[in-house]
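Have a look at the structure below, then the notes.
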Amino acid sequence: MGRRTTRVSRLGKEKKRSVLIVLAALVLIMGGFTYFFNSKFLYNGKIAKNVYIEGVNVSDMTKAEALKAITDKYTPEDLNLAYDGKKYTISPKDIDLKYDTEDVVKDAYESTKKGSYFQNLKKYIDIRVNKANMKIKAEYDEAKLSSKVSSIADSINVKMKNASISVGSGGLSYTDSVVGREFDLAANKESIYNMIKNKEHKTLELKVNLQKPDITTEQVKTVNSVIGQYSTTYSQAVEGRSYNVGLSARKTSDVLLMPGEEFSYNKLTGPSNKANGYKDAPVIVYGKLEQSAGGGVCQTSSTVYNAALLSGMEITQVTNHSSASTYVPKGRDATVSDGGLNLKFKNPYKHPVYIKNYAGGGSVSSVIYGNSGDKPNISIEVKQTGQNKYSTYRIFKDSNGKVIKKEHISNSSYKELKK
Numbered sequence: 001m002g003r004r005t006t007r008v009s010r011l012g013k014e015k016k017r018s019v020l021i022v023l024a025a026l027v028l029i030m031g032g033f034t035y036f037f038n039s040k041f042l043y044n045g046k047i048a049k050n051v052y053i054e055g056v057n058v059s060d061m062t063k064a065e066a067l068k069a070i071t072d073k074y075t076p077e078d079l080n081l082a083y084d085g086k087k088y089t090i091s092p093k094d095i096d097l098k099y100d101t102e103d104v105v106k107d108a109y110e111s112t113k114k115g116s117y118f119q120n121l122k123k124y125i126d127i128r129v130n131k132a133n134m135k136i137k138a139e140y141d142e143a144k145l146s147s148k149v150s151s152i153a154d155s156i157n158v159k160m161k162n163a164s165i166s167v168g169s170g171g172l173s174y175t176d177s178v179v180g181r182e183f184d185l186a187a188n189k190e191s192i193y194n195m196i197k198n199k200e201h202k203t204l205e206l207k208v209n210l211q212k213p214d215i216t217t218e219q220v221k222t223v224n225s226v227i228g229q230y231s232t233t234y235s236q237a238v239e240g241r242s243y244n245v246g247l248s249a250r251k252t253s254d255v256l257l258m259p260g261e262e263f264s265y266n267k268l269t270g271p272s273n274k275a276n277g278y279k280d281a282p283v284i285v286y287g288k289l290e291q292s293a294g295g296g297v298c299q300t301s302s303t304v305y306n307a308a309l310l311s312g313m314e315i316t317q318v319t320n321h322s323s324a325s326t327y328v329p330k331g332r333d334a335t336v337s338d339g340g341l342n343l344k345f346k347n348p349y350k351h352p353v354y355i356k357n358y359a360g361g362g363s364v365s366s367v368i369y370g371n372s373g374d375k376p377n378i379s380i381e382v383k384q385t386g387q388n389k390y391s392t393y394r395i396f397k398d399s400n401g402k403v404i405k406k407e408h409i410s411n412s413s414y415k416e417l418k419k
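Laid out in structure tokens, this is it:
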């Protein structure tokens, strides 16, 4: 009995020893494998497999090798911009542009090395299954970029300008229209930001908005002839009135009316008061002659009105004086006031017309220029319809003097001037 117990005890010890030997062998094998795995793959001084930077495969590269591979392909270059055949360049130096290449290579290297062992192992396995593609970030001085872009914008921007007409001793002259150019700052900066972010080196066509002029050179050059004019005289002895005639003539002169556009006398002259530059002079108020600022402006309005009649303008608003004027025939005057009485007419032609007034030496004239083909053959007829009552007609004739159309313009009635 004693011998059997001793034998069983001896067998148990041998079994334990065998298990321990096996375990020790397994530990040695696992340790060896771990050492081999770590030294070969995980802690081998190289970037893990299946790691890319901006599409460049940096697997199994040292940091130095990866840095060279990346900088060979990704180095900040000039930003090339263009508009209307002209080239513009923003260099990396201009905006302190650089890439965080060293940082991203460091991150790629440490992606399987900076955590705990099991974290690193898990990351290594994840990367082997799912490719890691790291991005390079661009860094630049935003203020310098904005300044550079603004400078380019200034060189492109052009203010839109309408064509214009002037009259001098040599006759009509024209100033050309200019198509405006407006650099789209927001859109272009966004495109440049994307170029930098995506590391694109293609030429960017800049976005520039064009502003077409409302009045073109071609349009104003159709104005080539006088199509209607009228003159009246005044006494230079009344200084305030002479001054007001001249001022109102200047304010309503050099007016370009486009087809269908309406002329408003009061809009151009402004209020007939001292604050607006007018002087006291005789003026008819409720049929009585009084001293008031703006006396004389109605002579200018009547002169312009007759030029408009003779040039074929479409009369849209006209009112006669309460008492007949001495400077134009009855039925052909046009009074104005700040209270709403106004002279208005429209350009009925397909071409622009240009109004030029002259005042001085006791005479005020209004000349309307237009296209020679639009020049009408017009006569004005005023019929007396009663005591101090008149009807005004405009008669259009062809080149042979044959009446084409007779147009009723206005009815006028006058009262005697109160003393």
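In full-length UniProt numbering, the protein residues as written are 1 to 419.
For each residue, glycine too, the CB sits at the ideal point set by N, CA and C.
On the DSSP bridge list, what partners appear for residue i?
i	result
G246	DSSP lists no partner for G246.
N50	Answer is none; N50 lacks a bridge partner.
N80	T89
Q335	A quick correction: the sequence has Thr, not Gln, at residue 335. Answer by DSSP bridge pairing: none, since T335 is not bridged.
V382	T392
G171	G168
V56	I53
I368	G228, I355
H408	Y393
I315	F345
R181	V158, L210
E139	K98
V403	K397
A132	V51
residue 462	One cannot answer for residue 462 here, as it falls past the ends of the chain, which runs 1 to 419.
Whole angstroms are fine: how far does the CA of residue j sit from the CA of residue i?
i	j	result
K63	L206	39 Å
V370	L309	The question names Val, yet the displayed sequence has Gly at residue 370. Going by the C-alpha atoms only, they are around 14 Å apart.
T203	N276	56 Å
D154	K86	14 Å
P282	P213	44 Å
D280	R241	7 Å
I165	V245	23 Å
S225	Y349	14 Å
D103	N194	21 Å
N357	V158	32 Å
G171	T222	14 Å
G386	T216	49 Å
I378	K402	11 Å
D398	E314	18 Å
residue 424	A324	Nothing can be reported for residue 424, as the shown portion of the chain is limited to 1 through 419.
Y180	L210	Note that residue 180 is Gly in the sequence shown here, rather than Tyr. Each residue's alpha carbon lies about 6 Å from the other.
D141	I95	5 Å
A108	N57	11 Å
I409	I156	52 Å
N50	T71	19 Å
K40	G115	Note that K40 scores 44 on pLDDT, short of 50, meaning its location in the model is unreliable and no value can be drawn from it.
residue 439	V167	The shown model of the chain, from 1 to 419, leaves out residue 439, and the question about it has no answer.
E290	E239	15 Å
G340	P376	31 Å
Y414	P259	34 Å
Is the distance from the Cβ of residue i to the Cβ of residue j below 7 Å?
i	j	result
I230	T326	In the sequence on display, residue 230 carries Tyr and not Ile. No, the pair does not count as a contact, with Cβ atoms beyond the cut-off.
Y390	S412	yes
K344	S264	yes
Q219	P352	yes
V297	S253	no
G362	Y234	yes
V129	A66	no
Y74	K199	yes
N266	V336	yes
A138	I196	yes
K405	G287	no
V149	K98	no
By Cβ distance below 7 Å, which residues in the same chain neighbour residue i in space, the five residues on each side in sequence not counted?
i	result
G31	With a pLDDT of 48 at G31, under the threshold of 50, the predicted position of this residue should be treated as unreliable, and no value is reported.
Y305	V318, A334, L343
T175	A163, S164
Y278	N244, L247, S272, A293, G294
S372	N224, S225
K144	D94, I95, D96
F36	Because the pLDDT of F36 is 44, which lies under 50, any placement of that residue in the model is unreliable, and the number read from its coordinates should be weighed accordingly. Nothing listed; no residue qualifies.
Excluding sequence positions up to five away, which residues of its chain have a Cβ less than 6 Å from the Cβ of residue i?
i	result
G228	A307, L310, S311, I368
E407	R394
A48	T112, Y124, I127
Closer than 8 Å by C-beta to residue i: which residues in its own chain qualify, once you throw out the five before and the five after it? Chain order, please.
i	result
residue 494	Only positions 1 to 419 of the chain appear in this structure, which leaves residue 494 out of reach.
T89	D78, L79, N80, L81
F33	At F33, the pLDDT of 45 sits below 50, so the modelled position is not reliable; the number obtained from the coordinates is stated separately. Nothing meets the Cβ criterion.
K251	L268, T269, G270
E261	K346, N347
T101	L67, I70, T71, Y74, I136
G45	T62
Compare the C-beta of residue i against all C-beta atoms of chain C and say whether one is closer than 7 Å.
i	result
Y414	Among the protein chains of the structure shown there is no chain C, as only one such chain exists.
Let me know the beta strand (DSSP E) ranges lying completely inside the stretch 187-260, each 3 residues or longer, listed in chain order. 208-211, 225-233, 255-257
What alpha helix (DSSP H) runs, 4 residues minimum, are completely inside the stretch 256-305? Qualifying alpha helix (DSSP H) stretches, in chain order: 265-269.
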